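Down below is the structure, laid out as structure tokens.
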Amino acid sequence: MRFYVLVQCLLVGYLTFSANMTANAANADVAYLFTAASKGDIATVNAMLSSGVNPNTRDNEGITALMYAARKNRADVASALLAKGADVNDKDKGGWTALMFAAKKNNIETVKVLLDKGADAKVRDPAGWSALGLAATSGYSQTVDLIIKSGIDANTKSDDGKPVLMYAAKSGDIPTITSLINNGAKLDTQDKLGTTALMIAAREGHAPAVNYLLEKGADVDEQDHSKWTALTWAVKKSQVEVATALIAKGANVNHHDSEGTPLLQLAVDSNAEEMVKLLLDNKADVKARDQYGLTAYVYALKLKNPTIVELIKNAGGRY
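The structure is reproduced here in structure tokens:
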């Protein structure tokens, strides 16, 4: 009886050892495949695929060999994996596809391969990011152009209602903005807060992008839901070059936001001497009052900046 039990134990141990060895070998194969895909070692990738390694095997983060290849712009490896059955639209645990990885890195050759093999550019991760949005926010105009030409609408919006043009405006990349506009992106589309691409470019201080959007016909005095204009954002962020461009295109220097605050008071409150001077030089109403009846001169006195006090006073500012 004892002998029988001993044999049983030895058999179980052997089988467990064999299973572990097999699993370890399989895991090693997978690791080698990921490494080869990342390094662009096409010979090793082909050999492993031919030996039966599953091209759709994932690591702990759900990343496949195709995604590794996409991240490193290994277009030939991506082609080999796809030819052996790799799922072009597979997602990792974060909801990203190989196309997203390639677009985020501006890996143009791999983007071409993936799109040619049916990659779905409409896929979004849980945060609402798509391949087009990832490329646009990084200012990758060629990748943006490729994705749009694959059939994606240039007016595609994220989950929070932001059109892709806004992401391009945030980066300030004019070639990307140009690509989107040339492919039909609407200039004055607003997100859920009423923000436009021009407002975002102004807020971020991208004067060339602001000028370009204005040249293309963006509404200089469009307002968001708080009645902020692009000039309001420029004043708030002390973006003098941007404000100069907006004023040159007719932006209203006497605009009040939804709370009744004039731009001049906003500039004084931001302690922005150059902005105060710019507004005064362009006929901002020095006597205008905010919702509490306070003038820019009162703001200046509270701020205790003698330069701004003098600017306001010399322009006729009073209590």
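Residue numbers for the sequence shown follow this note's numbering, so the first one is 6 and each next one is one higher.
Note that the Cβ used here is the ideal one computed from N, Cα and C, for glycine as well.
It should be emphasised that the depicted structure is a prediction, and the values quoted were computed from it without experimental measurement.
With a CB to CB cut of under 6 Å and the five nearest residues on each side skipped, what residues in its chain are close to residue i?
i      : result
Ala207 : Val215, Ala235, Trp238, Ala239, Val247
Thr194 : Pro168
Leu86  : Pro60, Ala70, Leu71
Asp295 : Gly265, Thr266, Gln270
Lys77  : Ser43
I'd like the list of long-range same chain contacts for residue i, defined as Cβ closer than 8 Å, with 5 residues on each side in sequence excluded.
i      : result
Leu285 : Leu269, Val291, Leu316, Ile317, Ala320
Val225 : Leu203, Leu219, Thr234, Ala235, Leu236, Leu251, Lys254, Gly255, Ala256
Lys221 : Ile186, Leu192
Ile153 : Leu137, Ala159, Ser184, Leu185, Asn188
Ile2   : The shown model of the chain, from 6 to 324, leaves out residue 2, and the question about it has no answer.
Thr62  : Val35, Leu38, Thr69, Ala70
If we count the other Cβ atoms within 10 Å of its Cβ and call it buried at 16 or more, is residue i buried or exposed?
i      : result
Ser327 : The first residue shown for the chain is 6 and the last is 324, placing residue 327 beyond what the model contains.
Leu198 : exposed
Ala42  : buried
Ala253 : exposed
Ala88  : exposed
Ser56  : exposed
His230 : exposed
Lys98  : exposed
Ala36  : exposed
Gly322 : buried
Lys307 : exposed
Pro267 : buried
Lys241 : buried
Thr181 : buried
Could you tell me the distance, in whole angstroms, from the CA atom of residue i to the CA atom of residue j?
i      : j      : result
Ala3   : Ala293 : Residue 3 is absent from the structure shown; the chain starts at 6 and stops at 324.
Thr161 : Ala136 : 11 Å
Lys309 : Val281 : 14 Å
Ala126 : Leu170 : 16 Å
Asn29  : Arg79  : Its pLDDT being 39, under 50, Asn29 is placed unreliably in this model, and the coordinates cannot settle the point.
Pro60  : His211 : 44 Å
Ala190 : Lys96  : 28 Å
Asp81  : Ala103 : 14 Å
Gly100 : Gly144 : 22 Å
Val314 : Gln228 : 30 Å
Ala277 : Thr201 : 24 Å
Asp165 : Trp134 : 10 Å
Thr142 : Gln244 : 21 Å
His260 : Gly298 : 16 Å
Leu283 : Thr40  : 58 Å
Ser146 : Asp196 : 22 Å
Lys232 : Tyr73  : 46 Å
Ser163 : Thr312 : 45 Å
Phe106 : Ala305 : 51 Å
Lys122 : Ala75  : 13 Å
Asp150 : Ile157 : 10 Å
Ser84  : Gly45  : 11 Å
Met53  : Glu209 : 49 Å
Ser279 : Ala124 : Note on identity: in this sequence residue 279 is Glu, with Ser being the wrong assignment. Near 50 Å, if we compare the C-alpha coordinates of Ala124 and Glu279.
Val2   : Ala289 : There is simply no residue 2 to check, as the chain begins at 6 and stops at 324 in what is shown.
Check whether the Cβ of residue i lies closer than 9 Å to any Cβ atom in chain C.
i      : result
Val116 : Included in the structure is just one protein chain, with no chain C present.
Within the same chain, show all residues whose beta-carbon is closer than 7 Å to that of residue i, passing over the 5 residues directly before and after it, in chain order.
i      : result
Tyr324 : Thr300, Tyr302, Val303
Thr148 : Ala108, Asn111, Ile113, Val116, Ala140
Ser331 : It is not possible to answer for residue 331, since the shown part of the chain is limited to 6 through 324.
Thr249 : Leu283
Asp64  : Phe39
Taking 8 Å as the cut-off, is the C-beta of residue i nearer than that to any heavy atom in the ligand MG?
i     : result
Asn61 : The model on display carries no ligand, and the ligand MG is accordingly not part of it.
>> In chain order, what are the residue ranges of uninterrupted alpha helix (DSSP H) at least 4 long that sit wholly in the segment 207-277?
In response: 212-220, 235-241, 245-253, 268-274
> Three or more C-beta pairs closer than 8 Å, one from the segment 173-182 and one from the segment 114-132: is that the case here?
Replying inline: no
>> I want to know whether the segment 55-68 touches the segment 110-117 - three or more CB-CB distances under 8 Å.
In response: no
> Pairing CB atoms from the segment 88-97 with CB atoms from the segment 36-49, are three or more of them under 8 Å?
Replying inline: As far as the Cβ criterion goes, the segment 88-97 does not touch the segment 36-49, which means the pair count is below three.
> Along the chain, which unbroken stretches of the beta strand (DSSP E) at least 3 residues long are found entirely within the segment 58-87?
Replying inline: For the segment 58-87, not a single whole beta strand (DSSP E) run of length 3 or above is found.
>> Ignoring anything shorter than 4 residues, give me the alpha helix (DSSP H) runs that lie fully in the segment 166-195, in order along the chain.
In response: As far as the segment 166-195 is concerned, its whole alpha helix (DSSP H) runs of at least 4 residues are 169-176, 179-187.
> Can you list the alpha helix (DSSP H) stretches of 4 or more residues lying completely in the segment 111-138, in chain order?
Replying inline: Correct list: 113-121.
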